[in-house]
Amino acid sequence: MRHMYGIELNIPAGKLPGFYAQVIHKIGDHVNVFDRDKLLFIIENQTEQEKLETILEKSNMLGDAFSLLLLPSATTIDQLDDIGFVSQNEHLYVYADQIAIVTLGAPSQSEDQWAAMEQLREHVLGVIPENTQQPEAYLIDQSLIPLAEGIAKAYQVKLLWLHPTN
1 MRHMYGIELN IPAGKLPGFY AQVIHKIGDH VNVFDRDKLL FIIENQTEQE KLETILEKSN
61 MLGDAFSLLL LPSATTIDQL DDIGFVSQNE HLYVYADQIA IVTLGAPSQS EDQWAAMEQL
121 REHVLGVIPE NTQQPEAYLI DQSLIPLAEG IAKAYQVKLL WLHPTN
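This is the structure in structure tokens:
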């Protein structure tokens, strides 16, 4: 999982196609664009974000900015359209301000962990499979963090928040 930045290109009415092409060319010369999705440019850091915003502001083409999370391709999400998208390059992104990502801490009593997981599953939007660096992680709506914390407390299970981190 990597934090990324998305900047939307806002094409003003009445501009000639050549103007748009010049702006795209300038972006290509000055900004390290990681990925694109239609009119959304995806960049890896704030320095590149600032460069892109400067170019688009001067051209009066700056649209909305989004904080994104790039997820592993093996991630499964039931309703992706509600919380993210797959880019032209087949990368999977979710909107960072909408999603919380959590793993279960070290098991206490397996029965309690199982019961807590069953209750949490009702609210899971997606799953990041475990790998050598982290256990299986679950995506939930950020507004449900207090609910997840309540379930964990009731079953005396520890949750480890990968996003947002406090």
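Sequential numbering of the sequence shown, starting at 1, is according to our numbering.
Backbone N, C-alpha and C define an ideal beta-carbon position, used for all residues, glycine too.
Report all residues from its chain with a CB closer than 6 Å to the CB of residue i; omit the five preceding and five following residues, and keep chain order.
i     : result
VAL86 : LEU92
Taking buried to mean at least 16 other C-beta atoms within 10 Å of its own C-beta, is residue i buried or exposed?
i      : result
GLY126 : buried
GLY84  : buried
THR132 : exposed
SER59  : buried
GLY6   : buried
GLN113 : buried
ALA21  : exposed
LEU39  : exposed
ALA116 : buried
So which of the options has the shortest CA-CA distance to residue i?
i      : options                        : result
THR76  : TYR138, ASP97, GLN98           : TYR138
VAL124 : ILE145, GLN113, GLU130, PRO135 : ILE145
PRO72  : LEU159, TRP161, HIS3           : HIS3
MET1   : GLN88, LEU69, ALA115           : LEU69
ALA13  : MET61, GLU50, ARG36            : MET61
SER67  : LYS51, GLU57, VAL94            : VAL94
Compare the beta carbon distance of residue i and residue j with 9 Å and say whether it is the shorter of the two.
i      : j      : result
ILE42  : PHE34  : yes
ILE140 : LEU162 : no
PHE128 : GLU118 : The displayed chain sequence assigns Ile, not Phe, to residue 128. Going by C-beta atoms, ILE128 is not nearer than 9 Å to GLU118.
GLU130 : ALA65  : no
Please list, in chain order, all residues of the same chain as residue i whose beta carbon is under 8 Å from its beta carbon, the five residues on each side excluded.
i      : result
GLN142 : ASP97, GLN98, ILE99, ALA100, PRO164
LEU147 : HIS123
Taking 7 Å as the limit between beta carbons, can you name the residues of its chain near residue i, skipping five residues before and five after?
i     : result
ASN10 : MET61, LEU62, GLY63
Open item on the list: Using a Cβ distance threshold of 8 Å, determine whether the segment 40-53 contacts the segment 14-23, with at least three qualifying pairs required.
Closed with: no
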